[in-house]
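**Q** Sequence positions in the sequence shown follow the numbering used here and run 23 to 241.
Ideal Cβ positions, reconstructed from N, Cα and C, are used throughout, including at glycine.
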Amino acid sequence: MSGGNDRLKEQYFTKFDKDKGINDNDVQDILDEHTTTDNILQNWGRLLAKNFIDTYYECEIRDYDFPFDYLNEWINNKKNVYLSTENDCSKIDLWDNYIEKLWKKLEESRENCKRCTRSTTKYICDNNTAFPQSDQQISTPSSKASGTTIFVSLLGASTTLFIILYKFTPFRAWLRRQINKCKELKKSKSKDKISNLVKYSEKNQENVDNTIFYHSLYR
Numbered sequence: 023m024s025g026g027n028d029r030l031k032e033q034y035f036t037k038f039d040k041d042k043g044i045n046d047n048d049v050q051d052i053l054d055e056h057t058t059t060d061n062i063l064q065n066w067g068r069l070l071a072k073n074f075i076d077t078y079y080e081c082e083i084r085d086y087d088f089p090f091d092y093l094n095e096w097i098n099n100k101k102n103v104y105l106s107t108e109n110d111c112s113k114i115d116l117w118d119n120y121i122e123k124l125w126k127k128l129e130e131s132r133e134n135c136k137r138c139t140r141s142t143t144k145y146i147c148d149n150n151t152a153f154p155q156s157d158q159q160i161s162t163p164s165s166k167a168s169g170t171t172i173f174v175s176l177l178g179a180s181t182t183l184f185i186i187l188y189k190f191t192p193f194r195a196w197l198r199r200q201i202n203k204c205k206e207l208k209k210s211k212s213k214d215k216i217s218n219l220v221k222y223s224e225k226n227q228e229n230v231d232n233t234i235f236y237h238s239l240y241r
């Protein structure tokens, strides 16, 4: 089943890669208004616009959504290639300002197109290299510092509150009573243990004496 889906996806990707003319005046107007000096983005933008409209009509006529899933994946593959070929983080903004905004304008040109929603991965820059931001993004030093600051603040507030309660409220007397109760309880338990130990020793000694007396009678 998955093999069939993979073949179907490849067929769509091949179709998306074919250079085609644009017959929709509204789409051509969007392309004319939304321009870029980057030739690669301009070519992909033209392909995206044509494929977007073709996919829209196909889904409307046949009443299914999966071709837009393929279109999203196809343009995401282009995005990965574009952002990964050179160590240039400025390409993130170039892509977002042209391709992502172009998709948005195409989506807005189709009324109530719920299936046209864009699905993509956000890219971030690190050491002048663009890479996808995953859900398991490693926390940055600033976020770690922020977490430490919050912890220290909470600890300080808790300590201050404890001191205020201890010095200026009945909490101090109550706490002392609880501590004394715990001490008395420990003493009581300790006495009980000692008493039980003495009783146990006396009983064992009594058993030993009885045993000796018994053996002496029959010797």
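(1) Could I get the ranges of all uninterrupted alpha helix (DSSP H) runs contained in the stretch 73-137, with 4 residues as the minimum, in chain order?
(2) Alpha carbon to alpha carbon, how far is Y104 from K72?
(3) Where does I146 fall in DSSP's three states?
(4) For the candidate residues I75, R199 and K101, whose alpha-carbon lies nearest to that of F90?
(5) Whose C-alpha, out of I83, I146, G43 and L93, is nearest the C-alpha of T36?
(6) So with Cβ pairs under 9 angstroms, would you call P154 a contact of chain D?
(7) Going by DSSP, what residues sit across from A152 in a beta bridge?
(8) Would you give the residue range spanned by the alpha helix (DSSP H) that N47 belongs to?
(9) Whole angstroms are fine: how far does the CA of F190 sit from the CA of K205?
(10) Out of D39, G43, T182 and I186, which one is the CA nearest neighbour of W96?
(11) Hey, would you say W117 sits closer than 9 angstroms to L63, going by beta carbons?
(12) Consult DSSP for D60 and reduce its assignment to one of helix, strand or coil.
(13) Should G178 go down as buried or exposed, given a rule of 16 or more other Cβ atoms within 10 Å for buried?
(14) How many angstroms separate the CA atom of Q50 from the CA atom of L176?
(15) Would you report the Cα separation of Q33 and N27, rounded to the nearest angstrom?
(16) So, with DSSP's three-state summary, where would you put D41?
(17) Excluding five sequence neighbours on each side, which residues of the same chain lie with their C-beta closer than 7 angstroms to the C-beta of R132?
(18) I believe I186 touches K127 by the beta-carbon criterion, under 8 angstroms. Please report the beta-carbon distance rounded to the nearest angstrom.
**A** The structure says:
(1) Segments of the alpha helix (DSSP H) lying fully in the stretch 73-137: 88-106, 112-117 and 123-131.
(2) Locating residue 104 in the sequence shown gives position 82, counting from the first residue. Locating residue 72 in the sequence shown gives position 50, counting from the first residue. Each residue's Cα considered, the two are about 20 angstroms apart.
(3) Within the sequence shown, residue 146 is the residue found at index 124, counting from 1. In the structure shown, I146 sits in a strand (DSSP, three-state: E or B).
(4) Within the sequence shown, the letter at position 68 stands for residue 90. Closest option to F90, Cα to Cα, is I75.
(5) One-based indexing of the sequence shown puts residue 36 at position 14. The residue with the shortest Cα to Cα distance from T36 is L93.
(6) Of the protein chains in this structure there is only one, and it is not chain D.
(7) Residue 152 sits at position 130 when you count from the first residue of the sequence shown. A152 is bridged to C147.
(8) Taking the first residue of the sequence shown as position 1, residue 47 is located at position 25. Membership of N47 in the alpha helix (DSSP H) is indicated by the continuous run N47 to E55.
(9) As a working note, residue 205 is residue 183 in the sequence shown. As a working note, residue 190 is residue 168 in the sequence shown. Distance between K205 and F190, taken at the CA atoms: about 25 angstroms.
(10) By one-based count along the sequence shown, residue 96 stands at place 74. Ranking D39, G43, T182 and I186 by Cα distance to W96 puts D39 first.
(11) To locate residue 117, count along the sequence shown from 1; it is residue 95. To locate residue 63, count along the sequence shown from 1; it is residue 41. For W117 and L63, yes; Cβs fall inside 9 angstroms.
(12) Position 38 of the sequence shown, counted from the start, is the residue given in the question as residue 60. Under the three-state reduction of DSSP, D60 is assigned to coil, being neither helix nor strand.
(13) Sequence index remark: in the sequence shown, residue 178 carries index 156 (1-based). Classification of G178: exposed, given that the 10 Å Cβ count is below 16.
(14) Residue 50 sits at position 28 when you count from the first residue of the sequence shown. Residue 176 sits at position 154 when you count from the first residue of the sequence shown. Taking C-alpha positions only, Q50 is separated from L176 by approximately 58 angstroms.
(15) Here residue 33 refers to the residue found at position 11 of the sequence shown. Here residue 27 refers to the residue found at position 5 of the sequence shown. Taking the straight line from one Cα to the other gives about 10 angstroms.
(16) For the purposes of this step, residue 41 is identified with residue 19 of the sequence shown, where counting begins at 1. In the three-state scheme derived from DSSP, where H, G and I count as helix and E and B as strand, D41 is classed as coil.
(17) As a working mapping, residue 132 is identified with position 110 in the sequence shown. So the list reads Y78 and C138, once near-sequence residues are dropped.
(18) On the sequence shown, position 164 is the one that residue 186 refers to. On the sequence shown, position 105 is the one that residue 127 refers to. Not really, about 60 angstroms apart at Cβ, beyond 8 angstroms.
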